[in-house]
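Asker: Residue numbers (my numbering): 212 to 937.
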Amino acid sequence: MSKKEIRVLELAMARKARQSELQDFINNSSFQAVMRKTVAFLTDDRSDRIQLKISTGDASFTDGRAITVGMEDYFFSPEFSRYEWVSIFKALLAHEVQHINSSNFKDIKDIMKKYTAMMTGKGIPDQLLGKIAKDMLNIMEDGRIENIIVHKLPGYKMPLILMNQGTADLSTLEEKADTPGEEFLDFVNSSLCYVKTGRRPYGISVYAGTRFEKEYEAVLPYFDLAVDARSSKDCKDLCLKVLKSTADYFAELLKAEIDQQKAAGNSGGKGDPGEGDGSGDYEYTSNGECEYNDSPNGSVSERAAKEAEGGKSGKKAGKKDEDKDDKGKKRGKGDKEGKDGNGGKDGKEDGDADGKDGENGDSANKTGRNALRMPRDPSSRSNTENWTDDFSGDGAEDYDVRELTADELQALRQGVMDELDAVEKENKVEKSKEEVTREKIAERYSGEYTRSFLELFPVIPNTALPSEVERAGRKLENDVERVLRVKRTEKRNMRVGQVCARDLYRVGMRDPHVFMRKGQPMKADLATFLLLDNSGSMGSQGARTKVNGRDVYLDKSTLSRTAAGIIERGLSKFTAMKISLFDVSGSQIRHATLKKFDERSTGSKCYNSQPGVGIGGGNKDGYSIRVATADLMARREAKKVLVVLSDGLPSDYNGGTRAGLNDVREAVREARRKGVIVIPIMFGRASDREQMKDNFSYMYGQFISCDPIDITDEFTKLFTKLIQTA
212 MSKKEIRVLE
222 LAMARKARQS
232 ELQDFINNSS
242 FQAVMRKTVA
252 FLTDDRSDRI
262 QLKISTGDAS
272 FTDGRAITVG
282 MEDYFFSPEF
292 SRYEWVSIFK
302 ALLAHEVQHI
312 NSSNFKDIKD
322 IMKKYTAMMT
332 GKGIPDQLLG
342 KIAKDMLNIM
352 EDGRIENIIV
362 HKLPGYKMPL
372 ILMNQGTADL
382 STLEEKADTP
392 GEEFLDFVNS
402 SLCYVKTGRR
412 PYGISVYAGT
422 RFEKEYEAVL
432 PYFDLAVDAR
442 SSKDCKDLCL
452 KVLKSTADYF
462 AELLKAEIDQ
472 QKAAGNSGGK
482 GDPGEGDGSG
492 DYEYTSNGEC
502 EYNDSPNGSV
512 SERAAKEAEG
522 GKSGKKAGKK
532 DEDKDDKGKK
542 RGKGDKEGKD
552 GNGGKDGKED
562 GDADGKDGEN
572 GDSANKTGRN
582 ALRMPRDPSS
592 RSNTENWTDD
602 FSGDGAEDYD
612 VRELTADELQ
622 ALRQGVMDEL
632 DAVEKENKVE
642 KSKEEVTREK
652 IAERYSGEYT
662 RSFLELFPVI
672 PNTALPSEVE
682 RAGRKLENDV
692 ERVLRVKRTE
702 KRNMRVGQVC
712 ARDLYRVGMR
722 DPHVFMRKGQ
732 PMKADLATFL
742 LLDNSGSMGS
752 QGARTKVNGR
762 DVYLDKSTLS
772 RTAAGIIERG
782 LSKFTAMKIS
792 LFDVSGSQIR
802 HATLKKFDER
812 STGSKCYNSQ
822 PGVGIGGGNK
832 DGYSIRVATA
842 DLMARREAKK
852 VLVVLSDGLP
862 SDYNGGTRAG
872 LNDVREAVRE
882 ARRKGVIVIP
892 IMFGRASDRE
902 QMKDNFSYMY
912 GQFISCDPID
922 ITDEFTKLFT
932 KLIQTA
């Protein structure tokens, strides 16, 4: 087993050992609050349109509407604490948000098409060619968008450097590849390392004197220019030059089918199978490019010289630089870190401004040496000054991996601690109000055996909805949007409303149409709490249907959550909505909250909660209604609606069913006196509903009686009316 394989195994074991710690960390409310605020801070669009998932996996990606961030195994080593984890997750989040802000999907489609045409007749399948082009462009775009982040937000420099330590570690080369396919992967990963860190990977001297060195050195100038590229299109044009420069080399490496399979299985190093966005398009997500790199390093002439340098090896393969200065500095690797906001100095203060750069004598060229990639003075890193990261192999024992110093790590850690403390203080103020309210409710039930309340927040997978559920949710969304557009867009030439100054001239013509109605936000002033019965009886049969000619029996829990999931998907843009399952289990009144009021999502946590969140035992409806009412009263929306869906009568009361009926009746009256609209839905078979109708009438007054199979239609009609009147 090679050293690299041993290293990978060690990191995988470290991840496994800290997996439960990671899960606890992800569920921490303070960390979640920090991440939500970070999304709002970073995005150029409305933050509530972006769904965030903190993954226990190692892949990070976005589809433009949702972002998933996950840490690599490298950061599970014991030296990384939870405070470093916060910095890593924030850096990953900044990276993904910047892709949304700055990467253009048209470019990735275009380069795949052009590269496939360029490589016609080379014997490589079109699908693999598309993947190679896509991966290389994504690598180069990674460097560009991180450059934008650091120039825009200098405070993200250290978190990004910390994040990229993992890239450098995983790009380490122990020995030359045994097969052409593995050599191809080494080339791709070495490219990623250089673009993101400004350094060739440690151990690259194993390829000294080979074609790998010649081809790799030839494309480095293009990588430098790509990091500084202003737009996604500029980066794409440079990527085409890289692909053209390496075309014959890649064709030679990937002649054999086994090498093609190797390249197809792992080119680009982006996550593990099964842990991706499923689209195959990586992080190019929209055509709405809105942020550009307007702070390139180097002058126009310097960048032109750098581009002219591309496509050439710059020196013979395997030849050491013979014109290092007397401190052992090499091409572009002796620059001191800058003092200005972007981490760079002017040309006169550049670390090797007077040196020479190989045969070109171009060391003052700052192109590609941005604040993130610029290395420190090597003399500050160790006792020796003989260091390198090129193919010569000199000084490899002192290779500068551009890690943060102990002081930098401590400063980063202190910043995270301060941020988490601030969030914790905010949470305590909000929680104290909620706790006082919950304690008052508990006092009302002091004589009951079951009086302890517990609110759970289960972790729900963010899987795509089935097509029929997604279609129904989108239809509801479109219907509601039409209603709001008619109701809330500005109207002029009206006979009533506010006087419109522009139409006052009509008065002289005896025309009464001088009034207008101002436009309003496309969002209903409505807060809704969906309280779904989750007692044991919800596991009984609710409906029978046919799938592929076979009878399929659906329980009431599945039907209710599916219906609520459609409502969640359709209305998330227009109204604040909370969804909780209520039951009594283990002598506790439990609310499993699937969606919080201010949680925005493009899918449905309610639908995806099945079968992971199981059903409970009994229920104490009056208690749950009072808790939901208190949550609604804390909202600032003008209209507050509580929808209670139940298939039976309250059960867990000392005084039996009659005591439960009276408690629910009183809880509903209290809610309505406070201005909450309570809408009860009796849910079950016709015979059961017939038996319960008098009791439901006693508890709620008017109510909706619904067969389980019709619950989706009933929900849709109900919420459309609520939106119309909001």
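All residues carry an ideal CB built from backbone N, CA and C; glycine is no exception. Bear in mind the structure is a predicted one, so any value in this text is a computation, not a measurement.
Under the three-state reduction of DSSP, which class applies to residue 673: helix, strand or coil?
Answerer: The sequence position of residue 673 within the sequence shown is 462, counting from 1. Residue 673: coil per DSSP, three-state reduction.
Asker: Would you check if there are 3 or more beta carbon pairs closer than 8 Å linking the region 824-831 to the region 886-903?
Answerer: no
Asker: Starting from residue 884, follow the alpha helix (DSSP H) in both directions and report where the run begins and ends.
Answerer: For the purposes of this step, residue 884 is taken as the residue at position 673 of the sequence shown. Segment 867-884, the alpha helix (DSSP H) holding residue 884.
Asker: What is the DSSP secondary structure of residue 723, reduced to helix, strand or coil?
Answerer: Residue mapping note: residue 723 aligns to position 512 of the sequence shown, counting from 1. Reduced to three states, the DSSP call for residue 723 is coil.
Asker: Would you kindly work out how many angstroms separate the C-alpha atoms of residue 780 and residue 245, rounded to a whole number?
Answerer: The residue given as residue 780 occupies position 569 in the sequence shown. The residue given as residue 245 occupies position 34 in the sequence shown. One C-alpha to the other measures close to 25 Å.
Asker: With respect to the beta strand (DSSP E) encompassing residue 442, which residues constitute its N-terminal and C-terminal limits?
Answerer: Here residue 442 is taken as the residue at index 231 of the sequence shown, counted from 1. Note, residue 442: premise wrong, no beta strand (DSSP E); not H, not E.
Asker: Can you tell me which of 775, 465 and 360 puts its alpha carbon nearest to the alpha carbon of residue 398?
Answerer: Indexing the sequence shown from 1 puts residue 398 at position 187. Ranking 775, 465 and 360 by Cα distance to residue 398 puts 465 first.
Asker: Less than 8 Å between C-beta atoms, sequence neighbours within five positions excluded: which residues of the same chain meet that for residue 406?
Answerer: Position 195 of the sequence shown, counted from the start, is the residue given in the question as residue 406. Closer than 8 Å at the Cβ level, and outside the excluded window around residue 406, lie 350, 351, 353, 354, 434, 437 and 438.
Asker: Taking the beta carbon of residue 724 as the centre, do at least 16 other beta carbons fall within 10 Å, making it buried, or is it exposed?
Answerer: In the sequence shown, counting from the first residue as 1, residue 724 sits at position 513. So residue 724 ends up on the exposed side.
Asker: Unbroken beta strand (DSSP E) runs of length 3 or more, entirely within the region 788-842: which are they?
Answerer: 799-806
Asker: Return the Cβ separation of residue 846 and residue 803 in integer angstroms, given the expectation that the two are a contact with Cβ distance under 8 Å.
Answerer: Translated into positions along the sequence shown, residue 846 becomes position 635. Translated into positions along the sequence shown, residue 803 becomes position 592. The pair is not a contact, with the Cβ atoms about 20 Å apart (cut-off 8 Å).
Asker: Near residue 662, which residues of its chain fall below 7 Å by C-beta distance, leaving aside the five closest residues on each side in sequence?
Answerer: The count along the sequence shown starts at 1 and reaches residue 662 at position 451. The residues are 653 and 656.
Asker: Shorter than 8 Å, the distance from the beta carbon of residue 793 to the closest heavy atom of the ligand GDP, or not?
Answerer: In the structure on display, the ligand GDP does not appear, and there are no ligands present to speak of.
Asker: Counting contacts by CB-CB distance shorter than 9 Å, is residue 617 in contact with chain B?
Answerer: Annotation note: the requested chain B is absent from the structure, which comprises a single protein chain.
Asker: Between the C-alpha atoms of residue 234 and residue 267, what's the straight-line distance to the nearest angstrom?
Answerer: Here the question's residue 234 lines up with position 23 in the sequence shown. Here the question's residue 267 lines up with position 56 in the sequence shown. Whole-angstrom Cα-Cα distance: 7 Å.
Asker: Based on Cα-Cα distance, which residue from 426, 388, 842 and 315 lies nearest to residue 809?
Answerer: Taking the first residue of the sequence shown as position 1, residue 809 is located at position 598. Among 426, 388, 842 and 315, the Cα nearest to that of residue 809 is on 842.
Asker: When the distance is taken between beta carbons, is residue 254 closer than 9 Å to residue 308?
Answerer: Here residue 308 refers to the residue found at position 97 of the sequence shown. Here residue 254 refers to the residue found at position 43 of the sequence shown. Contact: yes.
Asker: Which residues in the same chain as residue 915 place their Cβ atom closer than 8 Å to its Cβ, once the five residues preceding and following it in sequence are excluded?
Answerer: Sequence index remark: in the sequence shown, residue 915 carries index 704 (1-based). These residues qualify, in order along the chain: 890, 891, 892, 893, 925 and 929.
Asker: Rounded to the nearest angstrom, what separates residue 837 and residue 772 at their Cα positions?
Answerer: Locating residue 837 in the sequence shown gives position 626, counting from the first residue. Locating residue 772 in the sequence shown gives position 561, counting from the first residue. In this structure, the CA atom of residue 837 is about 22 Å from the CA atom of residue 772.
Asker: Can at least three beta-carbon pairs, one atom from the region 372-385 and one from the region 455-464, be found at a separation below 8 Å?
Answerer: no
Asker: With H, G and I counted as helix, E and B as strand and the rest as coil, what does DSSP make of residue 282?
Answerer: Against the sequence shown, residue 282 aligns to sequence position 71. In this structure, residue 282 counts as coil in the three-state DSSP scheme.
Asker: Quick one: residues in its chain with C-beta nearer than 6 Å to the C-beta of residue 473, no 5 flanking neighbours on either side, listed in chain order?
Answerer: Start at 1 with the first residue of the sequence shown, and residue 473 comes out as number 262. Hits under 6 Å: 392.
Asker: Measuring CB to CB, does residue 322 end up less than 9 Å from residue 450?
Answerer: Translated into the one-based positions of the sequence shown, residue 322 becomes position 111. Translated into the one-based positions of the sequence shown, residue 450 becomes position 239. Closer than 9 Å, so yes.
Asker: Measuring alpha carbon to alpha carbon, tell me which residue in 271, 294 and 223 is nearest residue 239.
Answerer: Residue 239 sits at position 28 when you count from the first residue of the sequence shown. Looking at the Cα atoms, 294 is the closest of the given residues.
Asker: In the DSSP assignment, the alpha helix (DSSP H) including residue 342 goes from what residue to what residue?
Answerer: What you label residue 342 is simply residue 131 of the sequence shown in a count that begins at 1. Note, residue 342: alpha helix (DSSP H), 337-363.
Asker: Are there 16 or more other CB atoms within 10 angstroms of the CB of residue 331, so buried, or fewer, so exposed?
Answerer: For this step, residue 331 is matched to residue 120 along the sequence shown. Exposed: under 16 other Cβ atoms inside 10 Å.
Asker: When burial is assigned at 16 or more other CB atoms within 10 Å of the CB, is residue 628 buried or exposed?
Answerer: Here residue 628 refers to the residue found at position 417 of the sequence shown. With fewer than 16 Cβ atoms within 10 Å of its Cβ, residue 628 is classed as exposed.
Asker: Does the contact criterion of 3 or more C-beta pairs under 8 Å hold for the region 288-303 versus the region 359-376?
Answerer: yes
Asker: Once you ignore the five residues that flank residue 829 on each side, which residues in its own chain have a CB closer than 6 Å to its CB?
Answerer: The residue given as residue 829 occupies position 618 in the sequence shown. By the criterion of a C-beta distance shorter than 6 Å, residue 829 is surrounded in its chain by 746, 795, 862 and 863, once the five residues flanking it on both sides are discounted.
Asker: Which value, in whole angstroms, describes the spacing of the CA atoms of residue 157 and residue 874?
Answerer: Because residue 157 is not part of the residues shown, which for the chain are 212 to 937, the question remains open.
Asker: Let me know the secondary structure DSSP gives residue 457 once reduced to three states.
Answerer: Position 246 of the sequence shown, counted from the start, is the residue given in the question as residue 457. Coil at residue 457, not helix or strand.
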